[in-house]
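Enquirer: Just so we're aligned, residue 1026 is where the sequence shown starts under this note's numbering, counting upward by one.
Even for Gly, the Cβ is constructed at its ideal location relative to N, Cα and C.
I'd like to ask some things about the structure below.
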Amino acid sequence: MSVHEDTTVNSEPAHLSPEEVRWQRLHAQHLDVKAPVDRLVEVVRSLCGANAQSRQAMMLSLRARIGGLEPAYVNKALEEKRLVRTWAMRGTLHLVDPQDLNWIVPLLGPGLIKKGMGRRLELGLDEKKVALGLEEIRDILREEGSLTRSELVEMLNERGVDIDPKSQAPYHLLARAALEGIVGIGPENDEGKQTFYLVADPGAIRKRMSDEEWQAELARRYLPGYGPASLKDFTSWSGQSVSRAKRGWDILRENGTIMPVTVEGQVLWSLRTQDEHSDKLAVSGTVVNLLPAFDPYVLGYDDRRYLVPESYHGEVYHGGQTVPVVLIDGLVAGVWRYERSGKRLDLKIKPFKPFDHTIRRLVAEEAEDTGRFLSQSPSVVYIK
1026 MSVHEDTTVN
1036 SEPAHLSPEE
1046 VRWQRLHAQH
1056 LDVKAPVDRL
1066 VEVVRSLCGA
1076 NAQSRQAMML
1086 SLRARIGGLE
1096 PAYVNKALEE
1106 KRLVRTWAMR
1116 GTLHLVDPQD
1126 LNWIVPLLGP
1136 GLIKKGMGRR
1146 LELGLDEKKV
1156 ALGLEEIRDI
1166 LREEGSLTRS
1176 ELVEMLNERG
1186 VDIDPKSQAP
1196 YHLLARAALE
1206 GIVGIGPEND
1216 EGKQTFYLVA
1226 DPGAIRKRMS
1236 DEEWQAELAR
1246 RYLPGYGPAS
1256 LKDFTSWSGQ
1266 SVSRAKRGWD
1276 ILRENGTIMP
1286 VTVEGQVLWS
1296 LRTQDEHSDK
1306 LAVSGTVVNL
1316 LPAFDPYVLG
1326 YDDRRYLVPE
1336 SYHGEVYHGG
1346 QTVPVVLIDG
1356 LVAGVWRYER
1366 SGKRLDLKIK
1376 PFKPFDHTIR
1386 RLVAEEAEDT
1396 GRFLSQSPSV
1406 VYIK
């Protein structure tokens, strides 16, 4: 069946401009007005997980959404297991609420495990070795508590699970363990190395509903953080097949939980509660954001026409990766990078078109806050 949504509804869809779509998405992602620091977990939940492929990018992504955030606050949330890093949407690392871990991983895990089978076999991880490795990982973490990857691999080898610590096999075995709901990634240890710990039974919460109902829950959680969006956007973000993602989407469409909007002839969807509050967005005036690589705002959609001018897609998207971007009112208007040297933080900004004085002032404010977060003194240089 086609990815295009069935637009049959009981009333005429609302019409939005591309600018209104961007403002609604900015608001949904806490990029128009930053949330207070005590809402860290709530912000992560509202995004249905924050991309965490790069730990530093993850931290900067949270800084962009939470006023006055300090790295120590995030680390404490990880230490207290109020947040956990794990492999989830698209088979990539995400920061999630442990309560969401208990149903998202069992929902997405089987499909992602199947997708990764070929690569595991290339690394010598056949199902027999994987099964033995998972059993030993459970036992080791139950006995030892949190361990670094190197410590865990060393103990696996001591117990007869032959894993080359210099290969990618440890990464893929631990990813499989995470997708089975066995391990989570905790805070860094004193040496700055990430640790792994044993998580609780992820199936306990999921058993309350059917697979289709959990699919609907995932779609219901996606739209408040990313809508207006399409089924194809949701499918791309979650990493599922169209047919599987559509089951839950259709439940929401049929019971009236979501409603269509049209944008230049294209049909997108929002939760009805989003539509009710769409005229109450908190900010008037220009909003500038410095977003890191892998930011949810940039990765949350298949269709990028409302995010990045088409002629600049190549500047932002490189294969499956993205670079840090400058947002002006939700539209990518440039890219940036930074270099850290002692107490200095050098930010190099490459606008797609020249920024006026107001935009430069707002960029400087964002740079100042980035420096505060990283405990460094920022300087901004514009490059071509």
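Secondary structure at phenylalanine 1377, three-state DSSP: helix, strand or coil?
Expert: The sequence position of residue 1377 within the sequence shown is 352, counting from 1. DSSP places phenylalanine 1377 in coil when its eight states are reduced to three.
Enquirer: Pick from Phe1398, Leu1399, Gly1141 and Pro1376: whose alpha carbon is nearest that of valine 1406?
Expert: Counting from 1 along the sequence shown, the entry for residue 1406 is found at position 381. With distances taken between Cα atoms, valine 1406 lies closest to Pro1376.
Enquirer: Which residue marks the beginning of the beta strand (DSSP E) containing glutamate 1213, and which one marks its end?
Expert: The sequence position of residue 1213 within the sequence shown is 188, counting from 1. Per DSSP, glutamate 1213 belongs to the beta strand (DSSP E) from 1208 to 1213.
Enquirer: Determine the direct distance from the alpha carbon of leucine 1120 to that of serine 1079, and round the result to whole angstroms.
Expert: Translated into positions along the sequence shown, residue 1079 becomes position 54. Translated into positions along the sequence shown, residue 1120 becomes position 95. Taking the straight line from one Cα to the other gives about 11 Å.
Enquirer: With 16 other CB atoms within 10 Å as the buried threshold, where does glutamate 1391 fall?
Expert: Stepping through the sequence shown from its first residue, residue 1391 is reached at position 366. Glutamate 1391 is buried by the Cβ-count criterion.
Enquirer: Rounding to the nearest angstrom, what Cα-Cα distance links aspartate 1371 and valine 1333 in this structure?
Expert: On the sequence shown, residue 1371 is found 346 positions in, with the first residue counted as 1. On the sequence shown, residue 1333 is found 308 positions in, with the first residue counted as 1. Approximately 25 Å between the Cα atoms of the pair.
Enquirer: Return the CA-CA distance between leucine 1399 and aspartate 1275, expressed in angstroms with no decimal places.
Expert: Start at 1 with the first residue of the sequence shown, and residue 1399 comes out as number 374. Start at 1 with the first residue of the sequence shown, and residue 1275 comes out as number 250. The alpha-carbon atoms of leucine 1399 and aspartate 1275 are separated by roughly 44 Å.
Enquirer: At the level of alpha carbons, what is the spacing between glycine 1344 and leucine 1324?
Expert: Position 319 of the sequence shown holds residue 1344. Position 299 of the sequence shown holds residue 1324. When rounded, the distance between both Cα atoms is 12 Å.
Enquirer: If I'm right that glutamate 1337 touches arginine 1050 with Cβ under 8 Å, what's the distance once you round it to whole angstroms?
Expert: Locating residue 1337 in the sequence shown gives position 312, counting from the first residue. Locating residue 1050 in the sequence shown gives position 25, counting from the first residue. In the sequence under discussion, the amino acid at residue 1337 is tyrosine, which differs from the glutamate named in the question. Actually they do not touch by this definition, with Cβ atoms about 18 Å apart.
Enquirer: Mapping DSSP to helix, strand and coil, what is glutamine 1219?
Expert: Numbered from its first residue, the sequence shown carries residue 1219 at position 194. Glutamine 1219: strand per DSSP, three-state reduction.
Enquirer: Output the boundary residues of the beta strand (DSSP E) element that contains alanine 1202.
Expert: As a working mapping, residue 1202 is identified with position 177 in the sequence shown. Where alanine 1202 is concerned, there is no enclosing beta strand (DSSP E), although the alpha helix (DSSP H) it sits in stretches over 1194 to 1204.
Enquirer: Could you tell me the alpha carbon to alpha carbon distance between glycine 1310 and lysine 1106, rounded to whole angstroms?
Expert: Position 285 of the sequence shown, counting from 1, holds the residue named residue 1310. Position 81 of the sequence shown, counting from 1, holds the residue named residue 1106. So the two alpha carbons sit approximately 38 Å from each other.
Enquirer: Since glutamine 1291 is in the alpha helix (DSSP H), which residue starts that stretch and which ends it?
Expert: For the purposes of this step, residue 1291 is taken as residue 266 along the sequence shown, with counting starting at 1. First-last for glutamine 1291: 1291 to 1296, but that is the beta strand (DSSP E), not the alpha helix (DSSP H).
Enquirer: Out of curiosity, what's the CA-to-CA distance linking tyrosine 1342 and tyrosine 1326?
Expert: Position 317 of the sequence shown, counted from the start, is the residue given in the question as residue 1342. Position 301 of the sequence shown, counted from the start, is the residue given in the question as residue 1326. One C-alpha to the other measures close to 12 Å.
Enquirer: Compute the Euclidean distance between the alpha carbons of glutamate 1301 and glycine 1143, then round it to the nearest angstrom.
Expert: As a position in the sequence shown, residue 1301 is number 276, starting the count at 1. As a position in the sequence shown, residue 1143 is number 118, starting the count at 1. Caution applies to glutamate 1301, whose pLDDT of 48 falls short of 50 and renders its modelled position unreliable; the value that the coordinates give is listed next. Roughly 46 Å separates the two Cα atoms.
Enquirer: Taking the alpha-carbon of valine 1046 as reference, which of Pro1379, Asn1214, Val1292 and Asn1314 has the nearest alpha-carbon?
Expert: On the sequence shown, residue 1046 is found 21 positions in, with the first residue counted as 1. Comparing Cα positions, the closest option is Val1292.
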